[in-house]
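In the working numbering, the protein residues as written are 8 to 218. Yeah, the Cβ is synthetic: ideal placement off N, Cα and C, and Gly gets one too.
Structure follows, in structure tokens:
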């Protein structure tokens, strides 16, 4: 079974095919209620004539079909749970306080119905809570009044609990993803950060799951 990635946001819950995800440089805007648009594949090939993303997908399928007993590190085995979250109507200053006390840099944002609709990072908060309005569209005179919904990223790439951790690690490098919420049956159940991946590597150096 191929790993499942989805984009969550306000009114959005769209699957992202693996070959499409690695064909683009970043997660692009998705219209509410629409299927993910087809992205034209980049014309970068190796010596065999295959595009790099097609070759990666083929390698993953081959690995699964050749050895059913091969050890695979899944997202559920490396994720952090429970997850520290914020509600969309809470303030950016509260997010800054939580980030200052924790050892993480990203906080998933939930709707009043507790659905995942966004993600806020320390960079988003610092940009908004800065001493000047430069580079921040939402800076108000009273910085304490800025809400999470004004500064959060409202389209979040997520993985499922059984997603191969290697693909999450690859996204961290290639797509500059900072953290990956883990969703099961449309519910947030965990989050994988760069630190989680590094810990998993250290604890599983004897396994071939990173090849």
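| request: Check the C-beta distance from residue 132 over to residue 158 and give it rounded, since I have them as a contact under 8 Å. | output: 7 Å
| query | When burial is assigned at 16 or more other CB atoms within 10 Å of the CB, is residue 205 buried or exposed? | reply | exposed
| said: Looking at the secondary structure, which residues open and close the beta strand (DSSP E) in which residue 194 lies? | reply: 194-200
| Tell me, which residues are paired with residue 160 by DSSP? | 126
| request: Have a look at residue 181 and residue 198 and give me their C-alpha separation to the nearest angstrom. | output: 19 Å
| query | For residue 97, which residues of its own chain have a beta-carbon under 8 Å away from its beta-carbon, when the five flanking residues on both sides are left out? | reply | 154 and 155
| What are the start and end residues of the beta strand (DSSP E) that includes residue 100? | That residue, residue 100, is in no beta strand (DSSP E); its alpha helix (DSSP H) goes 99-108.
| request: Please confirm whether residue 188 and residue 168 have their CB atoms less than 8 Å apart. | output: The criterion of a C-beta distance shorter than 8 Å is not satisfied by residue 188 and residue 168.
| request: May I ask you to list the residues that DSSP assigns as paired with residue 154? | output: 98
| field | Assigned secondary structure, residue 121 (DSSP; H/G/I helix, E/B strand, else coil) | value | Per DSSP, reduced to three states, the secondary structure at residue 121 is coil, with no helix or strand assignment.
| Among residues of its own chain, excluding the 5 on either side of residue 93, which ones have a beta-carbon nearer than 8 Å to its beta-carbon? | 101, 102, 105, 114, 115, 116, 117, 127 and 155
| field | Contact set for residue 191: own chain, Cβ-Cβ below 6 Å, skip 5 residues either direction | value | 168
| request: Would you list the residues sitting across from residue 131 in a DSSP beta bridge? | output: Beta-bridge pairing links residue 131 to no other residue.
| Taking the alpha helix (DSSP H) that residue 11 falls in, what are its first and last residues? | Neither: residue 11 is in no alpha helix (DSSP H) and is coded neither H nor E.
| field | With 16 other Cβ atoms within 10 Å as the buried cut-off, status of residue 183 | value | exposed
| task | Report the rounded CA-to-CA distance for residue 59 versus residue 177, giving the unit in angstroms. | result | Only weak support is given to the placement of residue 59: the predicted model assigns it a pLDDT of 49, under 50, and the value that follows is read from those uncertain coordinates. Residue 59 and residue 177 have their C-alpha atoms roughly 13 Å apart.
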